[in-house]
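Undergrad:
In our numbering, the protein residues as written are 23 to 403.
#1: Out of 321, 295 and 391, point me to the one whose CA is closest to residue 381's CA.
#2: So, helix, strand or coil for residue 330, using DSSP?
#3: For residue 199, report the span of its beta strand (DSSP E) as first-last.
#4: At what residues does the beta strand (DSSP E) containing residue 135 begin and finish?
#5: For the structure I just gave you, are there three or more beta carbon pairs, one from the stretch 352–371 and one from the stretch 108–119, closer than 8 Å?
#6: Check residue 385 in the structure and name its three-state DSSP category.
#7: As a quick exercise: from 339, 288, 301 and 352, pick the residue whose alpha carbon is nearest that of residue 384.
#8: Between residue 70 and residue 173, what straight-line distance do the alpha-carbon atoms span, to the nearest angstrom?
#9: Within the chosen definition, does the stretch 384–402 reach the stretch 281–296 through at least 3 CB pairs nearer than 8 Å?
#10: Determine, using beta carbons only, whether residue 395 and residue 290 come nearer to each other than 7 Å.
#11: Whole-angstrom Cβ separation of residue 196 and residue 327, contact assumed at under 8 Å?
#12: Taking 8 Å as the cut-off, does the stretch 136–146 touch the stretch 245–264 (at least 3 CB pairs, one atom from each stretch)?
#13: Tell me, please, which residues DSSP counts as bridged to residue 284.
#14: Let me check understanding here. Comparing Cα to Cα, which of 306, 43, 245 and 282 lies closest to residue 323?
#15: Taking contact to mean 3 or more Cβ pairs, one atom from each stretch, closer than 8 Å, check whether the stretch 87–106 and the stretch 51–67 are in contact.
#16: Quick one: what's got a C-beta closer than 8 Å to residue 278's C-beta in the same chain, skipping five residues either side?
#17: So what does DSSP say about residue 266, is it helix, strand or coil?
#18: For a minimum of 4 consecutive residues, which ranges assigned as the alpha helix (DSSP H) are wholly contained in the stretch 74–125?
#19: For residue 395, which three-state DSSP category applies?
#20: CB residue 338 to CB residue 182, shorter than 7 Å?
#21: Check whether the Cβ atoms of residue 402 and residue 243 lie closer than 7 Å to each other.
#22: Would you give the residue range spanned by the alpha helix (DSSP H) that residue 307 belongs to?
#23: Hey, would you say residue 31 sits closer than 7 Å to residue 74, going by beta carbons?
#24: State buried or exposed for residue 357, treating a residue as buried only when at least 16 other CB atoms are found within 10 Å of its CB.
#25: Helix, strand or coil for residue 243 per DSSP?
#26: Mind checking residue 23: buried by the 16 CB within 10 Å criterion, or exposed?
#27: Exposed or buried, which one is residue 285 when buried takes at least 16 other CB atoms within 10 Å?
#28: Could you tell me the alpha carbon to alpha carbon distance between residue 268 and residue 236, rounded to whole angstroms?
#29: Out of 370, 341, 340 and 345, point me to the one whose CA is closest to residue 353's CA.
#30: Anyone know if the C-beta pair for residue 238 and residue 165 falls short of 7 Å?
#31: Whole angstroms are fine: how far does the CA of residue 49 sit from the CA of residue 92?
#32: Run through the stretch 347–377 for me and flag every whole alpha helix (DSSP H) of 4 or more residues, listed as ranges in chain order.
#33: For the alpha helix (DSSP H) containing residue 180, name the first residue and the last one.
In structure tokens, the structure reads:
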């Protein structure tokens, strides 16, 4: 197998719902990062074998293979194909894995992986608004439970004994750490400003400075009357895109590129679709085993903050150091643009690794339907 590297990674700012990026079509938003990726690496896009693009709600503005139309929107040659992947919230992390697999196998040499979601333009749940996506047999298997991530998050909090205060502490910390990252310039090199026609969006919009447990205590539970999950300890609906250049170490040298990280291992796991969001736990175990590493070998973890109960349950089961998890904030403070999030988290993580000399990073995402991706990368020497 060939050694595969990520030679560059860029992202848009993450826009809040109906915020600065809401007026930008998702194909055009994707074009922003594709264009920046080519400019920063100096590559001629014609060498790209494929573009693998994550997107969850593939209806309306995101229908008809948004990955292909993103390539065309970027002005890249018509000869470059594009495909769109949906593994729920892990779509663009899966896009990265597919890109790596193509390059590692020798089928392709240069692939761009990434994803997009404009939740302002294509609302959450739009893809299943007029249908019954689960089917009668799947529903019958689980006693006609209407699969719901919020209810799953509540069940996880109950199973792991996570109080509302503990969830809110993690949420306030997410905003605090994100603010420190912004103020310290941690995102400056990775963010591509977006010209919306009405102005320029250059910073993540979801951050709420001064968030405290006391302020969060005033928010009402959303999914259960006596529950612990509310808007303040859940991921923010958001817009955003990211792109990563995937190639071999040899090809990177040929192109004059200095890789950021090398890909060590990837895994995907299934878990209980009723709890739904516990998949990162077995996926982490699986990817560590594949990489021949232990949890103590990892210097940074990105565990998507879909709901605060998800990373807290993951911490309890893995024994990871809490100080190494989501050190730049997460989806609670910065937003979760579904199909773009996997690539956005990977972009954040590998820039953080390079900036701080961290050898190994592990990223994992919970996903609708009870699956999860996990990926380990190693800082390139």
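We put the CB at the ideal spot given by N, CA and C, even for glycine. Predicted, not measured: the structure shown is a model, and the values here were computed from it.
TA: With the given structure in hand:
#1: 321
#2: coil
#3: Element bounds for residue 199: not the beta strand (DSSP E) but the alpha helix (DSSP H), 186–205.
#4: 132–140
#5: Verdict: yes, contact present.
#6: strand
#7: Measuring from the Cα of residue 384, the nearest candidate turns out to be 288.
#8: Here the alpha carbon of residue 70 sits roughly 42 Å from the alpha carbon of residue 173.
#9: The answer is yes - the stretch 281–296 touches the stretch 384–402, with three or more Cβ pairs under 8 Å.
#10: Going by C-beta atoms, residue 395 is nearer than 7 Å to residue 290.
#11: So it is a contact: roughly 6 Å between Cβ atoms.
#12: yes
#13: 27 and 400
#14: Comparing Cα positions, the closest option is 306.
#15: Contact between the stretch 87–106 and the stretch 51–67 is present: 3 or more CB-CB pairs across the two stretches fall below 8 Å.
#16: Here the set comprises 64.
#17: strand
#18: 88–95
#19: strand
#20: yes
#21: Not closer than 7 Å, so no.
#22: For residue 307, the enclosing alpha helix (DSSP H) stretches over residues 302–313.
#23: no
#24: buried
#25: coil
#26: exposed
#27: buried
#28: 44 Å
#29: 370
#30: no
#31: 4 Å
#32: 353–356
#33: 171–181
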